[in-house]
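Colleague:
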Amino acid sequence: MAGGPREGRSLSLVRPKEISETVLASFQSCEDDRLRELIQALARHLHAFVMEARITEHEWEQAIRVLTETGQITDERRQEFVLWSDAMGVSMLVDALAHPKPAGATESTVRGPFWVPDSPRREYGESIIEQDSGTPTWFYGRVLDTAGQPIAGAELDVWQNGEDRLYAVQDPEAPEEHLRGRFLTRDDGSYGFLGVRPTPYPIPDDGPVGRMLRATGRHPWRPAHIHMIVSASGYEPLTTHVFDARSAYLDSDAVFAVKRSLLRDFVPRSPEDPDRPAAVSGEWYSVENDLVLVAAGGADRPRI
Ligand code: BEZ
Ligand code: FE
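With my numbering as the guide, the letters of the sequence shown map in order to residues 11 to 314.
(1) Mind checking VAL219: buried by the 16 CB within 10 Å criterion, or exposed?
(2) As a quick exercise: from GLU140, GLU41 and ARG152, pick the residue whose alpha carbon is nearest that of PRO185.
(3) Let's test the definition: count the other Cβ atoms within 10 Å of the Cβ of PHE91 and tell me whether it reaches 16, buried, or not, exposed.
(4) Would you give the residue range spanned by the beta strand (DSSP E) that ILE29 belongs to?
(5) Note down, in chain order, each residue of its chain lying with its Cβ closer than 8 Å to the Cβ of PRO130, except the 5 sequence neighbours on either side.
(6) Under a criterion of Cβ closer than 6 Å to any non-hydrogen atom of ligand 1, which residues qualify, in chain order?
(7) Below 8 Å, can you find three or more Cβ-Cβ pairs linking the stretch 147 to 155 to the stretch 78 to 98?
(8) Per the contact definition of three or more C-beta pairs closer than 8 Å, is the stretch 192 to 204 in contact with the stretch 273 to 284?
(9) VAL100 lies in the alpha helix (DSSP H); which residues open and close that run?
(10) Ends of the beta strand (DSSP E) at ILE236?
(11) Relative to the C-alpha of VAL297, which candidate in GLN180, ARG286, ALA306 and ARG175 has its C-alpha closest?
(12) Just to check my reading of the structure: ASP199 and PRO247 have Cβ atoms closer than 8 Å, yes? What is that Cβ distance to the nearest angstrom?
(13) Give a yes or no on contact between the stretch 211 to 228 and the stretch 163 to 170, applying the rule of three or more CB pairs nearer than 8 Å.
(14) Please report the distance separating the alpha-carbon of GLY79 from that of GLU71.
(15) With respect to 7 Å, is the separation between the Cβ of HIS235 and the closest non-hydrogen atom of ligand 2 below this value?
(16) What does the alpha-carbon distance come out to for the pair GLU293 and GLY172?
(17) In this structure, how does DSSP classify PHE266 when only helix, strand and coil are distinguished?
(18) Grouping DSSP H, G and I as helix and E and B as strand, with all else coil, what is SER271?
(19) Taking THR114 as the reference, give the member of SER271, TYR295 and ALA289 with the closest Cα.
(20) Which residues bound the beta strand (DSSP E) around VAL297?
(21) By DSSP, does ARG54 sit in helix, in strand, or in coil?
(22) Using only CA atoms, which one of ARG256, LEU52, THR116 and GLY122 lies nearest to GLY158?
(23) Based on the DSSP secondary-structure assignment, which residues constitute the bridge partners of PRO278?
(24) Quick check: the Cα distance between SER291 and TYR259, rounded to an integer number of angstroms?
(25) Decide if ALA12 is buried, meaning its Cβ has at least 16 other Cβ atoms within 10 Å, or exposed.
(26) Excluding five sequence neighbours on each side, which residues of the same chain lie with their C-beta closer than 8 Å to the C-beta of GLY135?
(27) Excluding sequence positions up to five away, which residues of its chain have a Cβ less than 6 Å from the Cβ of ARG19?
(28) For the beta strand (DSSP E) containing PRO146, list its first residue and its last residue.
Structure representation (structure tokens):
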């Protein structure tokens, strides 16, 4: 008699170990190998967590309340689940597994919640500044392959914050396309655009993740950076940052996303400098940043 008491599981699960083993066994007939592996590993680690920390009924109720609030605060503009993943270092862990880089390739880091699809296409040298937002900065460099050959026609999708700490998507007053844009590299792999020197900023901390940070004595700050997604046909897309090498919080980023190889100097330049971009009248900075992509298919990729 299928499912009957004799052939099914024990009807009196009392010992913790027995409960965990029974739950694991309940997934054994899952026909999708990967799904079975994932759900069993999840159940195993969840049960081990409850056992190791001796979770009380009250604590488990609180955990469920936090998850509920995470869902309630999440909408098109706010993704609190991703923020949990970032603040717990899981985003960087998944990224490290997905993108082991061969020596010399530009390292990846988190995308974060402020990327907006379909940024405006802009010409080489164009400014992404649509309202005053800090000291103008000329970002330039080349997109190369791991053999040092230029990649023409690579797309750089860039976005950043300004001196008020906000990304345009966070600021209803800002022009929608402010401080973001998509650029193509020229035949020699070069790109260049005018942005501003970014500022450190706190990740959104008015929700459950912020409460967790305060309760555990952590701060919400990220060091100053700009974001880039670089893509080119025949290469793995790269999601990365350029960090200001002089920023505060480099050694305590709230989302664990700093990599030494991504730090760059913002070189102070004067208004008299003959290289001054036409749109600049006062002090400015320049930042050189070459980007090295890995060929698609992982031929030059190390295993970890
Ligand atoms: C960001 O850099 O935009 C970001 C990344 C993770 C969490 C919050 C913000
Ligand atoms: Fe950011």
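Every residue gets a Cβ at the ideal spot worked out from N, C-alpha and C, and that includes glycine.
Modeller: To lay it out plainly:
(1) Of the residues assessed, VAL219 falls on the buried side of the cut-off, its CB having 16 or more other CB atoms within 10 angstroms.
(2) GLU140
(3) PHE91 is exposed by the Cβ-count criterion.
(4) Secondary structure note for ILE29: it is in no beta strand (DSSP E), and the uninterrupted alpha helix (DSSP H) holding it is 26 to 36.
(5) Counting only residues of its own chain and dropping the five nearest sequence neighbours on each side, PRO130 has a CB closer than 8 Å to the CB of GLU187, ARG190, GLY191 and ARG192.
(6) LEU93, ASP96, VAL120, GLY122, PRO123, PHE124, ILE213, ARG232 and VAL265
(7) Output reads no: the stretch 78 to 98 does not touch the stretch 147 to 155.
(8) no
(9) 100 to 108
(10) 235 to 241
(11) ARG286
(12) Looking at the sequence provided, one finds Gly at residue 199 rather than Asp. Actually they are not in contact, since the Cβ atoms of GLY199 and PRO247 sit about 16 Å apart, beyond 8 Å.
(13) no
(14) Looking at the sequence itself, residue 79 is Glu, so the reference to Gly does not match. Whole-angstrom Cα-Cα distance: 12 Å.
(15) In this structure, HIS235 has its CB closer than 7 Å to one or more heavy atoms of ligand 2.
(16) 16 Å
(17) coil
(18) Three-state DSSP puts SER271 in a helix.
(19) Per the sequence presented here, residue 114 reads as Gly, with Thr not at that position. Comparing C-alpha distances from GLY114 to each of SER271, TYR295 and ALA289 shows the shortest one belongs to SER271.
(20) Per DSSP, VAL297 belongs to the beta strand (DSSP E) from 294 to 298.
(21) helix
(22) THR116
(23) TYR295
(24) 31 Å
(25) Confidence at ALA12 is low in this model, with a pLDDT of 46, below 50, so the placement of that residue is unreliable and no value is reported for it.
(26) Here the set comprises GLY202, PHE203, LEU204 and PRO287.
(27) THR32
(28) Taken as a continuous stretch (DSSP letters only), the beta strand (DSSP E) holding PRO146 covers 146 to 155.
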